[in-house]
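Numbering (this note's numbering), first residue to last: 1135 to 1225.
Every residue gets a Cβ at the ideal spot worked out from N, C-alpha and C, and that includes glycine.
First the structure, in the form of structure tokens, and then the observations on it.
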């Protein structure tokens, strides 16, 4: 049985490019040169931002909405400037 001592991080922490929670196995990447599996995040007010996983490089993410999980252009829309994280496979 594995026990976690810390809760999962929220969207605003994913949106923090200086996160110390993610720095061990994740690296920031350019949101204009994404790959499948990259995580895009934008901070929101009150600690509740939004996160999407890149499914089509430089054009589509999959993320949860209020009622469902959907694929859209979220994170790539004009005016959005998400933080991009890429998992380090050698971690």
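Residue i - DSSP class collapsed to helix/strand/coil
| i | result |
| --- | --- |
| residue 1148 | helix |
| residue 1186 | strand |
| residue 1209 | coil |
Per DSSP, the bridge partner or partners of residue i
| i | result |
| --- | --- |
| residue 1220 | 1161 |
| residue 1175 | 1185 and 1217 |
| residue 1198 | 1203 |
Cβ neighbours of residue i in the same chain (closer than 7 Å, five flanking residues each side left out)
| i | result |
| --- | --- |
| residue 1181 | 1144 and 1146 |
| residue 1191 | 1168, 1169 and 1170 |
Short Cβ contact (8 Å threshold) for residue i with residue j
| i | j | result |
| --- | --- | --- |
| residue 1185 | residue 1175 | yes |
| residue 1206 | residue 1217 | no |
| residue 1222 | residue 1161 | yes |
Inter-residue CB distance, residue i and residue j (contact presumed, cutoff 8 Å)
| i | j | result |
| --- | --- | --- |
| residue 1148 | residue 1173 | 6 Å |
| residue 1220 | residue 1163 | 4 Å |
Other residues of its chain near residue i: CB distance less than 8 Å, five sequence neighbours each side excluded
| i | result |
| --- | --- |
| residue 1166 | 1192 |
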